[in-house]
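Heads up, the thing below is written out as structure tokens.
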Amino acid sequence: MSPAFAPSALARAAVESDDAPDGGFASDMLEGLRARPRSVPPKYFYDAAGSKLFDRICELEEYYPTRTETALLARHAEAIADCIGPDAELVEFGAGSLRKVRLLLAAMRAPRRYVPIDISAEHLQAEAAALRAEHPALEVAPLAADFTRGVRLPAAASGEAARRVGFFPGSSIGNFTPEEAARFLRQAAQLLQGGGLLIGVDLVKDPAVLHRAYNDAQGVTAAFNKNLLVRANRELGATFALDAFDHYAFYNPVAQRIEMHLVSARSQAVRVAGEFFEFEPGESLHTENSYKYGVEGFRALARGAGFLPGPVWCDDAGLFSVHWLAAPRRAGPKGVRA
Ligand code: AVJ
């Protein structure tokens, strides 16, 4: 096992509960509800139902990131495979349904091993089994883990370490604040030294386009947001009335982020894990940030974290970017914490 990421700032508060059977959901939820303003980390969206709802979001006409990034990966697969190089080990952060990686695997030369990391264990095992059936020669080593808390990679079956390349698509980096993103990138640059990181980043754009993407007509994003309450009711014995909270998502142009909230429609009391919480009418529970970046702004962030930014691929409409970030070798033993 090689040590990799130290816990990010996002997850620091939850570290004590790292080994809790619920992955820290109860303690993070209680802590978030006691705080003002109230907030809960977005990683708790992704139980089995939430992962399915997210897959449905990715199919929505309004939600441009998935199809735009997928088209970029398909169109530039050869150039991307050249950056990745032969005999690489691919580590994916928040692998979800393993759809995008198939485009990379098809173009990569002799991929050694694929390590998909995802917080949704059940979903991950099923998807890994399906991928194995398609790529019998590839070692698929899924890791059911919360990568925001640090990652320990299993030793390679072959013994010797391969050139390691990270894959972080979907603009999931947008869930971190820029400070947390810098910390994540610093730790990734350490883990991936000698290789690199292929990362998808949603671009700053017309707020109307962003607004549509997080307020779809079918209400799938609203259901995804409210799934947090459904999960709390089931797993924490909470008493959230689903029709008494409204999905509210807007673009904050000053912070360059989408904010997603659940807003109390009335005065109400909710019980969560035996504790009572009062909500005033209009009071919000902040459930997600989704930061957007300009191309140069993101390259500067990556450079500051120790990467050498390489090629960037963008669609013609300027909706989405895919960056290759080379991770230079550092002095000292590989994998030592920064
Ligand atoms: C998976 C974090 C990239 O921020 O767009 C989609 C999650 N939230 N619709 C995003 C999400 C609402 C998504 N990320």
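Mind the numbering: the sequence shown is residues 2 to 339 in our numbering, read in order.
The beta-carbon is built from N, C-alpha and C at its ideal position, and this holds for glycine as well.
The C-alpha of residue 319 lies about 11 Å from the C-alpha of residue 294. Its Cα nearest to that of residue 323, the residue 310 stands out among 107, 329, 310 and 272. In the three-state DSSP reduction, residue 81 falls in the helix class (H, G or I). Closest in alpha carbon position to residue 285, among 32, 39 and 86, is 39. Rounded to the nearest angstrom, the Cβ distance from residue 211 to residue 259 is 6 Å, consistent with a contact under 8 Å. When 112, 137, 173 and 133 are compared, the shortest CA-CA separation from residue 149 is found for 173. Pairing residue 73 with residue 316 gives a Cβ-Cβ distance under 8 Å. Counting only runs of 4 or more residues that sit fully inside the stretch 272 to 330, the alpha helix (DSSP H) segments are 296 to 305, in chain order. Residue 107 has its alpha-carbon roughly 39 Å from the corresponding atom of residue 248. Boundaries of the beta strand (DSSP E) harbouring residue 94: 89 to 94, taken from the DSSP string. Taken in chain order, the complete alpha helix (DSSP H) segments of 4 or more residues contained in the stretch 181 to 219 are 208 to 214.
Under DSSP, residue 264 forms a beta bridge with 247 and 285. Looking at the backbone, the Cα of residue 27 and that of residue 237 are separated by about 7 Å. By DSSP's assignment, residue 269 forms a beta bridge with 280. Classified as exposed, residue 279 has fewer than 16 neighbouring CB atoms from the shown chains inside 10 Å of its CB. Remark: C-beta atoms of residue 203 and residue 61 do not approach each other more closely than 8 Å. Counting only the Cα atoms, residue 34 lies some 14 Å from residue 25. Residue 273 and residue 189 have their alpha carbons spaced roughly 36 Å apart. A straight line joining the alpha-carbon of residue 277 with that of residue 146 spans about 31 Å. Across the set 56, 109 and 97, the C-alpha of 109 shows the shortest separation from the C-alpha of residue 78. Between residue 228 and residue 51, the gap from beta carbon to beta carbon is short of 8 Å. Burial check for residue 171: the Cβ neighbour count within 10 Å reaches 16 or more, so the residue is buried.
Measuring C-alpha to C-alpha distances from residue 256 to each of 329, 184 and 179 identifies 179 as the nearest. In the three-state reduction of the DSSP assignment, residue 56 falls in the helix class, which pools H, G and I. With respect to residue 70, residue 101 sits close: the two C-beta atoms are nearer than 8 Å. Nearest to residue 83 by C-alpha distance, out of 329, 111, 58 and 95, is 111. For residue 221, the enclosing alpha helix (DSSP H) begins and ends at 221 to 236.
The C-beta distance from residue 185 to residue 92 rounds to 13 Å, too long to meet the 8 Å contact threshold. Only residues of its own chain outside the window of five on either side were considered, and among them 143 and 145 have a CB closer than 8 Å to the CB of residue 126, listed in chain order.
In this structure, residue 195 lies away from residue 306, with their beta-carbon atoms at least 8 Å apart. For residue 310, the Cβ stays outside the 7 Å cut-off from all heavy atoms of the ligand AVJ.
The beta carbon of residue 264 is closer than 6 Å to those of 247, 249 and 285 in its chain, skipping five residues each way along the sequence. Per DSSP, the unbroken alpha helix (DSSP H) holding residue 133 starts and ends at 122 to 135. The C-beta distance from residue 65 to residue 214 rounds to 6 Å, short enough to meet the 8 Å contact threshold. DSSP places residue 65 in the uninterrupted alpha helix (DSSP H) bounded by 65 to 76. Around the beta carbon of residue 283, fewer than 16 other beta carbons sit within 10 angstroms, so the residue counts as exposed.
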